[in-house]
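For the sequence shown, the positions run 19 to 598 when our numbering is used. Ideal Cβ placement from N, Cα and C applies to all residues, glycine included. Just so we're clear, the structure is a prediction, and the values are computed from it rather than from any experiment.
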Amino acid sequence: MLRIDNTPFLFRNSTLRYHPEPNDLAHRYGVAILSVVDNHTVIITETNDDFLQFTRQNSENLTGAKLNDNSLWNDDGQLWQAICLVLESQETQTIIWQIKTDDSPYIFNCSIVPTSNQDKKSKTLTIILSDNSANIAFADQIQQFNYHDMLTGLPNKNYLNEAIEDKISNICPNGEIAILIINILQFQRINESFGYEAGDKIIQNISYALERALPENALLARFEGDKFSIVLAESEIGDLQEEAVALANTLHHEMNAALQTEHAEIHLALTIGIAVSRTPLKDGNMLTQRAHIAMQRLSKVSPNKTLVYQPELQTRATSRLKLENELRESLKNKELSLNYEPIICLQNGHLVGFEALCRWNHPTRGIISPIEFIPLAEETGLIVPLGNWVLKEACTSMKILKDKYPDVSNITINVNISGLQLLQDDFIDTIHEALVYSGLAGNQLKLEITETMLIENAEMARDILLDLKSIGISLAIDDFGTGYSSLSYLNQFPIDTLKIDKSFINRMNTTKDSYKIVHIITNLAQTLGMELVAEGIEHESQVIALKKLGCQTGQGFLFSKPLTFEDTELYVRKETTFLA
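Written out as structure tokens, the structure reads:
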């Protein structure tokens, strides 16, 4: 059985790295000058060193030798036949010249060039040889590039799949094979913090750290980007899955240990997907795909863990792909809609704004929860066009309500913005376009972003948020308290509002810890001069407690569920009646 040990990698039979050697790829040319006595006699008069080296001859043997004498080299008369054609046609001939040996033949590109006199009869011929060593070396290097990662020297995904199908299946025809796909979580943050050159060095260090944990005869490959893969095999059916999981646990432990870099000491977290199959295996890509599916399932829901592939994961992946295509079509066909959740002043019960929430009424599945399709949109990049549509639609709806009901002209519309959307190069232009298209003023729009997104993209986000503030747009941190909650970051961003996550509001009257957290957040907001919004209010007792703590505004089912635009207009109409 495979066993994980601490034997140094260099003393174990494992993954071979490829590091290209500097190659002299300059072409060399062998040249021989021939004197034509007549059509039956051609004599070698001069050769250069490369010609002698190529043909494995010396100048004593060749100078003065007649070329119609086939004893010079074993080529079945190939060169002499070409010379005869040159003498007959008085035109250059080019052949692939093969000199046979006891081992492999010597092969050259050979050109025979005539030099004509006034009678247009050649008195001199020039043979030019070029060997294929440069081409062969170049082709070999290209082959290595196709099968190895140039940064780490490890085998790549192409090598991996062929090894699974051919080499390993042949070695273990009646055994088992397991593949681990290893994802380095949030590696992009390392590149953004230290630069891509430093990130490359860290990837190299990670590859050596992974090697040190390898069992004997394991194959390590760089799968792509921040992902690696390991292949294990057994000649008999046994407990390979358990071995793979044990290896995964070791990798988690090793990577969680401090990794020293030139810039800082970093700790890495992994997600590892595992797939196991019996051999022989005809489709290595399928096994890799299964491990990758398991790894992807972990990336969002359970960081720093391991998952072994099960068939239901494939079913789920297929369903998600289908849902992605349907979401794309629904967005294209404008089949999505917005609901609006009222935001209320807790002191007097007046309406202060709405939060726009995207809804998807699927033609066959009915209402699909945003919890299902919003993460999918973020993973696939669809969140950008989806978010842009929500922005324009929400601004337009709010402008319609303000024009129709002047008494509520001071209300704002809150729109959630994803990190991917915010970091688009044209995001500020997108905001301008939505405001111009709708006619809404910038100070009537509030954008909600998560604290996690801010901290992960601090420098870029800060500049963008400052640009947004310059056109009057308000900014809120959504779900405050559930992310990093690094208070030192709050002073770096031009934030106007903190929104307390509903999980704290739900428990604030039943658990002391939640109440203390809400109290701390309200004190923080007051100290920093920020507005405060409590999310998910469902009971009057929560309102009473929040008012005592100094929370100004809130939203939740106690006041209203999210409303369609038609119901939103009715809500606004009642508000205006109340104000009158």
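So, Val131 versus Thr110, is the Cβ gap smaller than 7 Å? Translated into positions along the sequence shown, residue 131 becomes position 113. Translated into positions along the sequence shown, residue 110 becomes position 92. For Val131 and Thr110, yes; Cβs fall inside 7 Å.
What runs of the alpha helix (DSSP H), each 4 residues or longer, lie entirely inside the stretch 491–555? Listed in chain order, the complete alpha helix (DSSP H) runs (minimum 4 residues) inside the stretch 491–555 are 520–525, 530–546.
Please go through the stretch 456–489 and give each complete beta strand (DSSP E) segment of 3 or more residues, from N-terminal end onward. 463–468
Could you check which residue in Tyr423, Leu143, Lys350 has the C-alpha nearest to that of Leu369? Locating residue 369 in the sequence shown gives position 351, where the first residue counts as 1. Here the closest residue by C-alpha is Tyr423.
Contact check, Pro360 vs Ser559, beta carbons under 7 Å: For this step, residue 360 is matched to residue 342 along the sequence shown. For this step, residue 559 is matched to residue 541 along the sequence shown. The answer is no: Cβ separation not under 7 Å.
Out of Asn303, Asn176, Leu440, Leu463, point me to the one whose CA is closest to Glu373's CA. If you number the sequence shown from 1, residue 373 lands on position 355. Closest option to Glu373, Cα to Cα, is Leu463.
Mind checking who Tyr358 pairs with in its DSSP beta bridge? Translated into the one-based positions of the sequence shown, residue 358 becomes position 340. Paired residue(s): Ala374, Leu581.
What distance in whole Å lies between the Cβ atoms of Ile248 and Leu198, which are believed to be in contact at a cut-off of 8 Å? In the sequence shown, the residue the question calls residue 198 occupies position 180. In the sequence shown, the residue the question calls residue 248 occupies position 230. Their Cβ separation, rounded to whole angstroms, is 4 Å, which keeps Leu198 and Ile248 in contact under 8 Å.
Go through its chain and collect everything with a Cβ distance to Asn57's Cβ below 6 Å, but skip five positions before and after it. As a first step, residue 57 must be located in the sequence shown, where it is residue number 39. For Asn57, where only same-chain residues beyond five positions count, the Cβ hits under 6 Å are Leu105.
So, is Gln75 buried or exposed, given that buried needs 16 or more other C-beta atoms within 10 angstroms? In the sequence shown, counting from the first residue as 1, residue 75 sits at position 57. So Gln75 counts as buried.
So the candidates are Asn86, Asp218, Val54, Glu64; which of them puts its Cα closest to the Cα of Glu78? Residue 78 sits at position 60 when you count from the first residue of the sequence shown. Nearest option by C-alpha distance: Glu64.
Would you check if the distance between the CB atom of Val294 and the CB atom of Leu325 is smaller than 7 Å? For the purposes of this step, residue 294 is identified with residue 276 of the sequence shown, where counting begins at 1. For the purposes of this step, residue 325 is identified with residue 307 of the sequence shown, where counting begins at 1. It is not a contact, given that the beta carbons lie outside the stated cut-off.
Among residues of its own chain, excluding the 5 on either side of Ile362, which ones have a beta-carbon nearer than 8 Å to its beta-carbon? By 1-based counting over the sequence shown, the position of residue 362 is 344. These residues qualify, in order along the chain: His368, Leu369, Val370, Thr571, Gly572, Gln573, Phe577.
Just mark Ser107 as buried or exposed, buried being the case when its beta carbon has 16 or more other beta carbons within 10 Å. Position 89 of the sequence shown, counted from the start, is the residue given in the question as residue 107. Label assigned to Ser107: exposed.
Applying the criterion that 16 or more other CB atoms from any shown protein chain within 10 Å of the CB defines a buried residue, is His622 buried or exposed? This structure cannot settle anything about residue 622, because the visible part of the chain is limited to 19 through 598.
Is the beta carbon of Thr336 sitting closer than 7 Å to the one on Leu316? Taking the sequence shown and counting its residues from 1, one reaches residue 336 at position 318. Taking the sequence shown and counting its residues from 1, one reaches residue 316 at position 298. No.
Tell me the rounded alpha-carbon separation between Tyr177 and Asn351. Taking the sequence shown and counting its residues from 1, the one referred to as residue 177 is at position 159. Taking the sequence shown and counting its residues from 1, the one referred to as residue 351 is at position 333. For Tyr177 and Asn351, the distance between alpha carbons rounds to 43 Å.
With C-beta atoms as the reference, is Ile535 less than 7 Å away from Gly554? By one-based count along the sequence shown, residue 535 stands at place 517. By one-based count along the sequence shown, residue 554 stands at place 536. No. Outside cutoff.
Report the start-end ranges of each beta strand (DSSP E) in the stretch 263–317 that is 3 residues or longer and not cut off at the edges. Listed in chain order, they are 288–296.
Look up Arg207 in the DSSP assignment and say whether it is helix, strand or coil. As a position in the sequence shown, residue 207 is number 189, starting the count at 1. Arg207: helix per DSSP, three-state reduction.
With a Cβ-Cβ cutoff of 7 Å, do Ser140 and Val54 count as a contact? For the purposes of this step, residue 140 is taken as the residue at position 122 of the sequence shown. For the purposes of this step, residue 54 is taken as the residue at position 36 of the sequence shown. Against a cut-off of 7 Å, the Cβ pair of Val54 and Ser140 comes out as a contact.
Please go through the stretch 399–456 and give each complete alpha helix (DSSP H) segment of 4 or more residues, from N-terminal end onward. 401–422, 437–440, 445–456
Report the three-state DSSP secondary structure of Ser253 (helix, strand or coil). Here residue 253 refers to the residue found at position 235 of the sequence shown. Looking at Ser253 - three-state DSSP - the assignment turns out to be coil, as it is neither helix nor strand.
Quick check: what's the CA-CA separation for Arg207 versus Leu228? Numbered from 1 along the sequence shown, position 189 holds the residue referred to as residue 207. Numbered from 1 along the sequence shown, position 210 holds the residue referred to as residue 228. The straight-line gap separating the alpha-carbon atoms of Arg207 and Leu228 is approximately 21 Å.
Residues in the same chain with beta-carbon distance under 6 Å from Met471, minus the five sequence neighbours each way, listed in chain order, please. The residue you call residue 471 lines up with position 453 of the sequence shown. Non-local C-beta neighbours of Met471 in its own chain, meaning closer than 6 Å and more than five positions away in sequence, comprise Gly437, ordered along the chain.
Please work out which residues of its chain come closer than 7 Å, Cβ to Cβ, to Pro512, disregarding the five sequence neighbours upstream and downstream, and give them in chain order. Here residue 512 corresponds to residue number 494 of the sequence shown, with the count starting at 1. Contacts found: Leu483, Leu484, Lys487, Leu493.
Proximity of Leu356 and Ser348 at Cβ, strictly below 7 Å: Start at 1 with the first residue of the sequence shown, and residue 356 comes out as number 338. Start at 1 with the first residue of the sequence shown, and residue 348 comes out as number 330. The answer is no: Cβ separation not under 7 Å.
Starting from Ile195, trace the beta strand (DSSP E) in both directions and tell me its first and last residue. The sequence position of residue 195 within the sequence shown is 177, counting from 1. Segment 194–202, the beta strand (DSSP E) holding Ile195.
Terminal residues of the alpha helix (DSSP H) in which Gln222 lies: The count along the sequence shown starts at 1 and reaches residue 222 at position 204. Taken as a continuous stretch (DSSP letters only), the alpha helix (DSSP H) holding Gln222 covers 214–230.
For Gln439 versus Val402, is the C-beta spacing smaller than 7 Å? Here residue 439 is taken as the residue at index 421 of the sequence shown, counted from 1. Here residue 402 is taken as the residue at index 384 of the sequence shown, counted from 1. Their beta carbons are under 7 Å apart, which means Gln439 touches Val402 by this criterion.
Using 10 angstroms around the beta-carbon of Tyr358, count the other beta-carbons present and answer buried if the total reaches 16, otherwise exposed. On the sequence shown, position 340 is the one that residue 358 refers to. Buried, by the Cβ-count rule.
Measuring only the C-alpha atoms, how far is Leu238 from Gln204? Position 220 of the sequence shown holds residue 238. Position 186 of the sequence shown holds residue 204. Going by the C-alpha atoms only, they are around 21 Å apart.
Should Lys340 go down as buried or exposed, given a rule of 16 or more other Cβ atoms within 10 Å for buried? Locating residue 340 in the sequence shown gives position 322, counting from the first residue. Counting Cβ neighbours within 10 Å, Lys340 comes out exposed, since fewer than 16 surround it.
Quick one: give me the first and last residue of the alpha helix (DSSP H) that Trp115 is part of. On the sequence shown, residue 115 is found 97 positions in, with the first residue counted as 1. Counting along the chain, Trp115 falls outside any alpha helix (DSSP H), though it belongs to the beta strand (DSSP E) covering 111–117.
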